[in-house]
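4 protein chains.
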Amino acid sequence: MPGNSFGHSFRITTWGESHGKALGVVVDGVPAGLTLSEADVQKDLDRRRPGQSEVSTPRSESDSVEILSGVLDGVTTGMPVSMLVWNKNAKSSAYDYIKDIPRPGHADQSYSERYGIRDHRGGGRSSGRETIGRVAGGAVARKLLSMAGIEVFAHVIELGGVKARSLSFDEIRSNVDSNVVRCADPGAAEKMLEQVNAARLEGDSIGGVVEIIATGVPAGLGEPVFGKLDADIAGAMMGIGAVKGVEIGAGFECSGMKGSQMNDPYVLDDGQVTPATNHAGGITGGISTGMPVICRIAVKPTPSISKTQQSVDTASMKEIDVEIHGRHDPTIPPRMVPVAESMMALVLVDHMIGSGLIGPASLLK
Amino acid sequence: MPGNSFGHSFRITTWGESHGKALGVVVDGVPAGLTLSEADVQKDLDRRRPGQSEVSTPRSESDSVEILSGVLDGVTTGMPVSMLVWNKNAKSSAYDYIKDIPRPGHADQSYSERYGIRDHRGGGRSSGRETIGRVAGGAVARKLLSMAGIEVFAHVIELGGVKARSLSFDEIRSNVDSNVVRCADPGAAEKMLEQVNAARLEGDSIGGVVEIIATGVPAGLGEPVFGKLDADIAGAMMGIGAVKGVEIGAGFECSGMKGSQMNDPYVLDDGQVTPATNHAGGITGGISTGMPVICRIAVKPTPSISKTQQSVDTASMKEIDVEIHGRHDPTIPPRMVPVAESMMALVLVDHMIGSGLIGPASLLK
Amino acid sequence: MPGNSFGHSFRITTWGESHGKALGVVVDGVPAGLTLSEADVQKDLDRRRPGQSEVSTPRSESDSVEILSGVLDGVTTGMPVSMLVWNKNAKSSAYDYIKDIPRPGHADQSYSERYGIRDHRGGGRSSGRETIGRVAGGAVARKLLSMAGIEVFAHVIELGGVKARSLSFDEIRSNVDSNVVRCADPGAAEKMLEQVNAARLEGDSIGGVVEIIATGVPAGLGEPVFGKLDADIAGAMMGIGAVKGVEIGAGFECSGMKGSQMNDPYVLDDGQVTPATNHAGGITGGISTGMPVICRIAVKPTPSISKTQQSVDTASMKEIDVEIHGRHDPTIPPRMVPVAESMMALVLVDHMIGSGLIGPASLLK
Amino acid sequence: MPGNSFGHSFRITTWGESHGKALGVVVDGVPAGLTLSEADVQKDLDRRRPGQSEVSTPRSESDSVEILSGVLDGVTTGMPVSMLVWNKNAKSSAYDYIKDIPRPGHADQSYSERYGIRDHRGGGRSSGRETIGRVAGGAVARKLLSMAGIEVFAHVIELGGVKARSLSFDEIRSNVDSNVVRCADPGAAEKMLEQVNAARLEGDSIGGVVEIIATGVPAGLGEPVFGKLDADIAGAMMGIGAVKGVEIGAGFECSGMKGSQMNDPYVLDDGQVTPATNHAGGITGGISTGMPVICRIAVKPTPSISKTQQSVDTASMKEIDVEIHGRHDPTIPPRMVPVAESMMALVLVDHMIGSGLIGPASLLK
């Protein structure tokens, strides 16, 4: 089962390794007639790009995208859109000392078990750089969604134990990019940053929670039993490296609620049957309700830490102590914001196109 | 996008409605050579069947399975295994009064938005009875897995706010079916049952958490980027009705942990590189580590409650109060145990067959 | 790779063996709002049914279809439509003598190689009875297509060396079911029937050619590189048992033509750019042109013959002579007509739904 | 339905246009452990490359392949192999005069109907240059197959009405690349070349037939009903531009044969049950028999001809005469040889990997 494609009606196929020549994506199923330029994609890649602040790895990459196909005179033709980014600042020799030592918390050992061979250079394909293809494909998805009135945005709501207060959608949109931890609550953001800096000084790392919101999602999106919208979102989010939990709406809180608390009553709003509350997070029975889709993901602390850890040298088959140096982020959630937005956008556009709600007819008039 | 099939190498296609003639499943990709009888499947269906205790709906169905194809002289032939269960105790007229009233917390309104038409009889296909096909298909998956040394079991770890204490795998296996709430901690089980009964008396319902464990999963299962084992599990679990959250290993707790706490160090165990702890829940980088796979799901309270709720009569387009009578479970997690086990088994067998680790060669010698 | 499902947007999953309990199909992706009854399906099954004339097997089966799900008050709900037919006239003991003897021209030996186990009773799943599921699913497809103005029909154009003269679409539609060989040229039909009877008397069988035509197919159906309409048709047709060749439009004749003969010039017809001729058979570059889609398939002579043939007794591993008795058709093309129509309909409806040209919106107004 | 991917277990996704920046392919599902270099792929691309003789277009492209991912130290890692070729000799302005004129026999008009937008530069994605991705992916497939003892080769057996005599496999392999028409019968090759030259002088083009053979295919490959080996081959072959017919084994000849002639009797060969003849072309019931797989395809004459043809100017909506100049092949079959080999290889490797017969286990020891 090839494992590098995502989506049914709008499908991305990503490729590339952290220290290979390049990374990229082929986007298939893009309707003809969409205005698309490299700047549209670069904007999202720039939010994902490393080296932007003290909370991310110092590896410096411009990550300039090239569109190689599928666009003629600035408009998509319906043909696959192939995009790539060249790797420029890879320092592979920095990883030689761990060639035979699986790093705790990383995919090193599971890749060795799966493939027999492992690209140890910067984590190979299991590196966070793999998400370049997702974000580039997600940028095309987001542009299509925006034409249908759907907006996707995410923010960090918890980092190193510090929680953001409850925020309005407007506050989130306005504030999220105003600080390096991408928390829309400025007070919490400050404390989060302290946690990041403290962890880095200790040679340690911290985890957090990211919330992803989609507004403008029409009611009636999702399949009945196995292509449920929430199932697809859960699969998409858990498939991002470092994510260990996903919840929709009330999420894990629902386990302690009663039916009378959890159920969203229906009211008439402007002649439409509408839920009065949104504990469901915009999805019931796997199908969208017309309310905002709300999802939260638990992100583990960066596995690369310079504190001493125990591992095994698989060449000599001896237990050893290891300190991970290389260049890495002390915390992942801030950089996961654009990636999680991309995955949400990819799920939504797949269902929108599959349902005929986005298509050439809507673009070419 | 047809939404009633699950799996790539081992694929189930389920069909049927709560009050239709029958419900069933076609299981495709079953390797030839597996000994399979109706008793093998009935055993799991009996654990899912309603009417067994005060914690489940009084609807009485024997749910006797018939195998219609794919088995010759008690052995699978490699051809699709078609199975069905006839509906016998459907009382459709009991649902006439809500024909035009979407029940809060149910899929009624989202189905109407999606399809324009809705089978209101007992929830139609969005009913929990839909899981009959999943459990029947899961029974075949579990039999295949057991021949490869993989065991899947689940238990209720939280219900109505009552939490079970930490338990060994042996305790879970021994105790889970010894009480009607399927909690392996007898003390907690008693308190959970009190919560269920209290909720029923109030005309209300309660939620909870189910934990699913798979032992014997070999290292190296899962695809690198989009067919990750944890992504597939998350999608499978979130796709069960009433599930609002999924976590693997440390799950949401990881957001407050440091890397030095979360990372599982490697040790040599019997000459094998093995994680010393299992915060990862048996999966890193989307690929199994050889440790037990551990997953927890948040299950919302049953949406059907007899307490008065607000909804809209879509025939007259007026807001009205509604009390849901019909026959329903006061809490879902105990009955979700065999369903969640089935989904875990379906994901695992799909990856095992896809990787060539289960196949005719292993059965026909 | 499970091999019993066909289609992407409209997907059938068939199951059942010649001498099992039943055969059936699950049809997923049927848009909500289609009026559908068992009579709609039975009509096509009756054309496929055996025992109707001297050119088909004397096995007598009523093949009465039951719809088990997906239809409420005579209208589809968008849920999977499960249908089955019970086997009644199976005489399995008649096949005991060939339990260990692969019949020349049949799938017996290749199934043994593939699965290790083989259902020898009437050919098991490799029997022509397997097509019941295809025809039942095809009937739903055809009803959907007819609402979009697309008609599919097929006829026998060659049998036992006798060729039908060229016929108009009207002649084909009027005459095809007026004789047992399903040839719309009455003169040729008479000679074909003589060939069938002569072959049967000799204990032999004959092959032929079936032509399938689809009218009303809109221009613009098909994917650019790998989901081409002609590729999908070719795969669908070659996947019918006994088919050894497929051609579209001019087909194999094009190999001797010049570009100036083969190319269809464009003219203006009623303000539309339209091909003046149809050597392309309605498809260029894998995408429909708006002209009728025309396909021909080569059907081999029935492999079951009573003439002595050489085979091997795989129990004793000795070469032996074998005469195939059982009940079988002396020629296949007449009974293949409804099967080939079904496969064409399944391909077309898949593309129509995938392109958003058939959907609930078009049915539910 | 995205239409630029092929295969299930071994999947290629191709992209690029005739006059775009580049063309390429992402190959997913390549087992880890295969020795792979750019030279392995270039060898096949060189056989496909234009400008090599008087029978192909004078467009001069080196078509040098770059491998961008999935290979470490000359060995595949199990990660997707991304490859590209830069376009260098595109002369887009040469196509300006047909920007609004659909060329007869080409996909111009059907693409316009499908997408609303059309890349007129050299045919865009409907150009034969699209097959670069197929051949590059096919080269990887062929290398994997060769390690399992499977060899795929093709040759031109008919061109412009001239037919090659019957040839042994050894003759085909030895002679096929010894002349520019890729016919292994030197006498016929000479006459074919005369036909090509005559057609070119007339401003016309000719069609032909290519035969594709696979030896070493193990018995038991293929799925029972819808993933049949012959169905997949037929779909793969008909999906190559300009192919209008596909046949396996006896093919269309079987329509005039009797069962006693067509059936391949079984004999014991070295203790194995083996067909004594191969009218089946190596496949019965959709599953391989162990005999060579034999397939023939009908290739239409090149649609680009300089003879005057009728078309419509879609800007002015007036009928006009058009002569196609540009650079094009006077006949396609010789250049189709490596493309058809690639598609056969892609189908076979997909089934071999899907059946577990090719995998990392077989490569990494």
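Chains as they are written, first to last, in the working numbering: chain A, 8 to 372; chain B, 8 to 372; chain C, 8 to 372; chain D, 8 to 372. No residue lacks a Cβ here, since even glycine has one placed at the ideal position from N, Cα and C. Nothing here was measured: the structure is a model prediction, and the numbers come from that model.
Unbroken alpha helix (DSSP H) run spanning residue i, endpoints
| i | result |
| --- | --- |
| A/F176 | 176-182 |
| B/D35 | Unbroken run through B/D35 is the beta strand (DSSP E), 29-35; no alpha helix (DSSP H). |
| C/Y273 | Premise fails: C/Y273 lies in the beta strand (DSSP E), 273-276, not in any alpha helix (DSSP H). |
| D/A206 | 193-209 |
| A/M1 | Absent from the model: residue 1 of chain A. The displayed extent of chain A is 8 to 372, so no value can be given. |
| B/A249 | Run containing B/A249: none; DSSP gives neither H nor E here. |
| D/L91 | Run containing D/L91: none in the alpha helix (DSSP H); it sits in the beta strand (DSSP E), 88-93. |
| A/G145 | 138-154 |
Boundaries (first-last residue) of the beta strand (DSSP E) holding residue i
| i | result |
| --- | --- |
| A/S318 | 316-320 |
| D/P282 | 279-282 |
| B/V188 | Element bounds for B/V188: n/a, residue is neither H nor E. |
| D/V159 | 158-166 |
7 Å Cβ cutoff, residue i in contact with chain A
| i | result |
| --- | --- |
| D/E24 | yes |
| B/Y102 | no |
| D/M359 | no |
| B/Q13 | Reading off the sequence, residue 13 of chain B comes out as Phe, not Gln. At least one chain A Cβ lies under 7 Å of B/F13. |
| D/P87 | yes |
Neighbour flag for residue i against chain B, beta carbons, 7 Å
| i | result |
| --- | --- |
| D/G40 | no |
| C/P9 | yes |
| A/E120 | yes |
Below-7 Å beta-carbon distance, residue i vs any chain D residue
| i | result |
| --- | --- |
| A/I365 | no |
| A/K372 | Annotation note: pLDDT 47 at A/K372 (below 50); position unreliable, coordinate value reported separately. No - not a single Cβ of chain D is within 7 Å of the one on A/K372. |
| C/E330 | no |
| A/I139 | no |
Cβ-based burial, residue i [other Cβ within 10 Å; buried from 16]
| i | result |
| --- | --- |
| D/T315 | exposed |
| B/R240 | Arg is not the amino acid found at residue 240 of chain B; the sequence shown has Ile there. B/I240 is buried by the Cβ-count criterion. |
| C/M199 | buried |
| B/K150 | buried |
| B/G278 | exposed |
| C/N204 | exposed |
| B/T309 | buried |
| D/M351 | buried |
| C/P65 | exposed |
| D/A322 | exposed |
| C/M324 | exposed |
Residue-level contact to chain C via CB, residue i, 7 Å cutoff
| i | result |
| --- | --- |
| B/I164 | no |
| D/F17 | no |
| B/A46 | no |
| B/A29 | yes |
When the options are compared against residue i, the one with the closest alpha-carbon
| i | options | result |
| --- | --- | --- |
| B/S69 | B/V82, B/L79, B/L91 | B/L91 |
| B/A101 | B/G130, B/S117, B/S119, B/T83 | B/G130 |
| C/R207 | D/G266, D/V169, D/R55, D/I255 | D/G266 |
| D/S63 | D/S181, D/S349, D/V344 | D/V344 |
| B/D51 | B/L75, B/V159, B/G123, B/S181 | B/V159 |
| A/V298 | A/E330, A/F176, A/A146 | Sequence inspection shows Met at residue 298 of chain A; the Val mentioned does not correspond to that position. A/M298 has its Cα closest to that of A/F176, out of A/E330, A/F176, A/A146. |
| B/Q202 | B/P231, B/V169, B/P193 | B/V169 |
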